[in-house]
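Counting in our numbering, the sequence shown runs from 469 upward without gaps.
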Amino acid sequence: MAREGARPSYDPAGPDHALRAVLQELRTGRWVAMRTLLAETTEWWLWTQRTQILAAAAAGSDVVRAWLAEEPDSAHAGVMRARIGVERALRARRERHLRAHELWIEAWDAAETATLLTPRDPVPWICLLALAQLDPEQRWAEHRADPPEPHLVPGPWGLLAEAAERDPFNREAHHRMLQFLYARGSGGDRTRAPADGDSNRLTDAAGYARWAAAGAPPGSALHLLPLYVRVERHRRARRPDTHWATDAAVEEARSALHSWFEHAPPGRRAQPDLNHLAHALWGTGQFTCAGRVFEAIGPYFSPPPWMYRAQDGDRAVDVFTRARDHCRALAGDAATGTRTHACAEFCTEPRTCTGTRP
Numbered sequence: 469m470a471r472e473g474a475r476p477s478y479d480p481a482g483p484d485h486a487l488r489a490v491l492q493e494l495r496t497g498r499w500v501a502m503r504t505l506l507a508e509t510t511e512w513w514l515w516t517q518r519t520q521i522l523a524a525a526a527a528g529s530d531v532v533r534a535w536l537a538e539e540p541d542s543a544h545a546g547v548m549r550a551r552i553g554v555e556r557a558l559r560a561r562r563e564r565h566l567r568a569h570e571l572w573i574e575a576w577d578a579a580e581t582a583t584l585l586t587p588r589d590p591v592p593w594i595c596l597l598a599l600a601q602l603d604p605e606q607r608w609a610e611h612r613a614d615p616p617e618p619h620l621v622p623g624p625w626g627l628l629a630e631a632a633e634r635d636p637f638n639r640e641a642h643h644r645m646l647q648f649l650y651a652r653g654s655g656g657d658r659t660r661a662p663a664d665g666d667s668n669r670l671t672d673a674a675g676y677a678r679w680a681a682a683g684a685p686p687g688s689a690l691h692l693l694p695l696y697v698r699v700e701r702h703r704r705a706r707r708p709d710t711h712w713a714t715d716a717a718v719e720e721a722r723s724a725l726h727s728w729f730e731h732a733p734p735g736r737r738a739q740p741d742l743n744h745l746a747h748a749l750w751g752t753g754q755f756t757c758a759g760r761v762f763e764a765i766g767p768y769f770s771p772p773p774w775m776y777r778a779q780d781g782d783r784a785v786d787v788f789t790r791a792r793d794h795c796r797a798l799a800g801d802a803a804t805g806t807r808t809h810a811c812a813e814f815c816t817e818p819r820t821c822t823g824t825r826p
């Protein structure tokens with residue numbers, strides 16, 4: 469639990485202290501601690517999460533290359549090579565780097581090799597799924613497979629199925645599918661102004677998110693997918709927060725609270741998911757429920773989605789802190805039977821807000 473009024477910090481490792489120690493080692497170019505940590509990571513959800521964060525930290529260095537030079541037959545090092553290849557390819561596309569296509573092919577080759585090195589591992593397939601967004605026109609056959617339901621669109625469904633076969637309801641796999649749907653048919657440029665194509669892609673993504681959430685068991689992070697799509701819609705629209713002033717937004721936030729937060733073990737709640745849920749509950753005026761999630765977040769926070777609310781020189785952490793403190797104040801008022809804080813600055817429907825939406 470964070471101290472009252474304390475400012476949170478952004479830390480990719482969050483409460484994973486073992487991962488944080490390894491990240492510090494990576495910054496100095498040492499890889500042995502990473503090898504040890506990965507050897508000790510036996511659950512697929514944690515393996516997926518740790519390899520993703522490690523790759524983001526190591527993508528600008530040669531640390532995995534050094535590992536492979538010492539242990540060329542290491543399957544774990546091979547997976548990390550694929551992870552880093554994907555990270556570099558995605559960064560190169562965002563930055564319009566001259567080697568973007570070359571890095572994409574290198575990453576694809578590394579991921580394909582990793583599927584053979586570790587046949588039971590979902591991560592190499594997640595890597596291939598992540599690369600699908602670099603083919604927004606769906607020129608590759610594996611990126612335009614028939615969907616499992618008529619209301620869904622063609623896409624890399626075979627890659628998703630391979631990941632799901634190895635780790636059903638894998639969080640990152642479904643987020644990678646969302647990223648593909650955001651980019652599909654756009655030429656890969658997610659910075660363009662809103663247009664009809666954007667609206668169609670977001671509609672497809674929303675339909676996919678609802679479908680995935682509907683089939684997920686209690687406690688699955690897939691129940692938060694609709695919240696991520698709503699944030700993406702808000703980010704692209706660049707207009708007042710009308711996306712949260714709807715009954716659908718209220719229900720999505722409430723469903724995520726009851727289907728995920730109330731069932732998932734605290735140690736398995738990813739920081740981005742906690743932040744998206746707190747943001748959705750706060751944005752829809754469900755302040756008491758949001759307060760519970762803010763307490764679970766503790767001393768860490770994730771810049772998205774708060775960064776998309778920042779205005780006039782604010783930072784994401786400022787928006788987060790105001791929202792958290794506001795919810796805590798309302799919770800205190802509810803506990804004492806008083807109400808001294810106005811909601812106009814925060815609530816999408818201040819005329820009806822009573823601290824919790826009905």
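Ideal Cβ positions, reconstructed from N, Cα and C, are used throughout, including at glycine. None of these values were measured; they are calculated from a predicted model.
Remark: C-beta atoms of ALA557 and LEU602 approach each other more closely than 8 Å.
Counting only the Cα atoms, GLU574 lies some 19 Å from ASP541. With 16 or more other Cβ atoms from the protein chains shown falling within 10 Å of its own Cβ, HIS544 counts as buried.
Each of VAL547, TRP572 and LEU749 was checked against the Cα of ARG559, and the nearest Cα belongs to TRP572.
Taking 8 Å as the cut-off, the beta carbon of LEU627 is found no closer than this to the beta carbon of ALA609.
For GLY553, the secondary structure class from DSSP, reduced to helix, strand or coil, is helix. DSSP, reduced to helix, strand and coil, places GLY528 outside both helices and strands of the structure shown, so it counts as coil.
LEU566 is classed as exposed because its beta carbon has fewer than 16 other beta carbons within 10 Å across all chains shown.
DSSP places TYR776 outside both helix and strand once states are collapsed to three, so it counts as coil. Classified as exposed, LEU584 has fewer than 16 neighbouring CB atoms from the shown chains inside 10 Å of its CB. Take ALA526, set aside five residues on each side of it, and the residues of its chain with a beta-carbon closer than 7 Å to its own are LEU494, VAL532 and ILE552, in chain order. By the C-beta criterion, the stretch 679-687 is judged not to be in contact with the stretch 755-770, since fewer than 3 inter-stretch pairs fall below 8 Å. In the displayed model, SER477 falls within a strand according to three-state DSSP. Three or more pairs of CB atoms, one per stretch, sit closer than 8 Å, so the stretch 667-686 contacts the stretch 645-655.
Annotated three-state conformation of GLY751 is helix, per DSSP. Distance from the CA of VAL591 to the CA of PHE755, rounded to the nearest whole angstrom, comes to 37 Å.
Residue pairing from DSSP leaves GLY482 without any beta-bridge partner. Taking a 10 Å sphere around the C-beta of GLY623, we find 16 or more other C-beta atoms and assign the residue as buried.
The DSSP-derived three-state label of ALA523 is helix. Distances from the alpha-carbon of TRP593 to those of MET548, MET775 and ASP614 put MET548 closest. The beta carbon of LEU491 is closer than 8 Å to those of PRO480, ALA481, ILE521, LEU522 and ALA525 in its chain, skipping five residues each way along the sequence. In this structure, the beta-carbon distance from PRO483 to PHE769 does not fall below 8 Å.
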